[in-house]
Amino acid sequence: MEACTINRTRQMLVLEAADYSSVRSVLTIWEAEQDGWRRLEAFPAAIGRAGLSVLKREGDGKTPAGRFRMGTGFGQSPAPAGSWPYRIADGDDYWVDDAESPEYNLWVRYTGDPAGRWKSYERLDIPLYRKAAVIRYNEEPVVKGRGSAIFFHIWSGPGIGSAGCVTVAEEHVVRVLEWLKPEAEPVIAIGTRYELTRLAPFAVQ
Numbered sequence: 001m002e003a004c005t006i007n008r009t010r011q012m013l014v015l016e017a018a019d020y021s022s023v024r025s026v027l028t029i030w031e032a033e034q035d036g037w038r039r040l041e042a043f044p045a046a047i048g049r050a051g052l053s054v055l056k057r058e059g060d061g062k063t064p065a066g067r068f069r070m071g072t073g074f075g076q077s078p079a080p081a082g083s084w085p086y087r088i089a090d091g092d093d094y095w096v097d098d099a100e101s102p103e104y105n106l107w108v109r110y111t112g113d114p115a116g117r118w119k120s121y122e123r124l125d126i127p128l129y130r131k132a133a134v135i136r137y138n139e140e141p142v143v144k145g146r147g148s149a150i151f152f153h154i155w156s157g158p159g160i161g162s163a164g165c166v167t168v169a170e171e172h173v174v175r176v177l178e179w180l181k182p183e184a185e186p187v188i189a190i191g192t193r194y195e196l197t198r199l200a201p202f203a204v205q
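Just so you know, the UniProt record's numbering puts 170 at position 170 of the sequence shown, and the rest follows in order with no gaps.
Below you can see the structure in the form of structure tokens.
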């Protein structure tokens with residue numbers, strides 16, 4: 001299970017799933033203050049249609065448990081308010097989930113026929129990605145087959161699972177994107193209460 005360091009982190013998202021097979025979950029957002037972490041808000045959330053995994057595999061429909069850095073925001077214009085990096089995606093933007101490709105788990109801009117270049121890919125201009133952010137899972141190094149295209153994005157509805165992403169209502173995606181600050185080095189901790197006792201102990205006291 002990946003767990004990035006949080007020595008300088010001042011913002012954290014915490015996703016708690018009831019158990020490994022649960023899709024319904026709760027996302028809370030936290031800020032570090034002088035006397036500890038303070039919870040700001042809580043949102044209903046949904047994760048992968050097959051639940052949670054500490055050893056994710058490509059195509060398993062599960063959300064990876066662990067602690068990961070938040071990556072760039074992306075989606076359609078206009079960009080949310082705030083200072084978090086945000087990239088406009090259009091019909092030439094793809095995320096590669098073809099595990100045999102050297103571009104696996106990367107954002108690639110390509111103007112040709114994607115089906116001729118990759119066996120599997122995600123279009124980044126779809127409605128569920130109208131407002132979204134990358135969750136920096138399976139990076140540095142990228143491990144083939146360990147999962148790709150893990151995002152924080154708009155849900156299909158309460159209790160409806162994703163392909164492995166963390167999802168909430170659109171207004172809550174926007175709220176989080178406007179709250180994130182680069183200097184706070186935000187991360188997201190994902191797990192059951194058991195994993196969160198190690199990944200984000202302040203959130204499960």
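Heads up, the beta-carbon is just placed ideally off N, CA and C, and yes, glycines get one too. As the structure is a computational prediction, the values presented were derived from the model and not from experiment.
Query, Result
"So, helix, strand or coil for Thr-28, using DSSP?", "strand"
"So, is Thr-72 buried or exposed, given that buried needs 16 or more other C-beta atoms within 10 angstroms?", "exposed"
"Compare the C-alpha of residue 278 against each of Gly-164, Ala-163 and Glu-178 and name the closest.", "Coverage of the chain is limited to positions 1 through 205, which leaves residue 278 absent and any answer about it impossible."
"Indicate the three-state DSSP secondary structure (helix, strand or coil) for residue 266 in the structure shown.", "Given a span of 1 to 205 for the chain in the structure shown, any question on residue 266 remains unanswerable."
"Please state whether the Cβ-Cβ distance between Thr-9 and Pro-186 is less than 8 Å.", "yes"
"Could you tell me the boundaries of the beta strand (DSSP E) in which Leu-196 lies?", "Looking at the DSSP string, Leu-196 is not in any beta strand (DSSP E); the run it does join, the alpha helix (DSSP H), is 193-199."
"Taking the runs of the alpha helix (DSSP H) that are 4 residues or longer, which of them lie wholly in the region 73-106?", "none"
"Could you tell me whether the region 66-85 touches the region 127-136, where touching means 3 or more Cβ pairs closer than 8 Å?", "yes"
"Below 7 Å CB to CB, which residues in the same chain sit around Ala-83 once its five sequence neighbours on both sides are set aside?", "Checking the displayed sequence, the identity of residue 83 turns out to be Ser instead of Ala. Closer than 7 Å at Cβ, skipping near neighbours: Lys-181 and Pro-182."
"So, is Tyr-86 buried or exposed, given that buried needs 16 or more other C-beta atoms within 10 angstroms?", "buried"
"Can you tell me the Cα-Cα spacing of Leu-196 and Gly-91, whole angstroms?", "38 Å"
"Out of Ile-154, Gly-61, Phe-43 and Gly-59, point me to the one whose CA is closest to Pro-127's CA.", "Ile-154"
"DSSP on Val-187, reduced to helix/strand/coil?", "strand"
"Could you have a look at Val-174 and say whether DSSP puts it in helix, strand or coil?", "helix"
"For Gly-66, which of helix, strand or coil comes out of DSSP?", "strand"
"Exposed or buried, what is Thr-63 when buried is set at 16 or more other beta-carbons lying within 10 Å of its beta-carbon?", "buried"
"Looking at C-beta atoms only, is the number of pairs between the region 156-174 and the region 39-59 that lie closer than 8 Å three or more?", "yes"
"Are there 16 or more other CB atoms within 10 angstroms of the CB of Asn-105, so buried, or fewer, so exposed?", "buried"
"Distance check for Thr-5 and Arg-175, CA to CA, integer angstroms please.", "25 Å"
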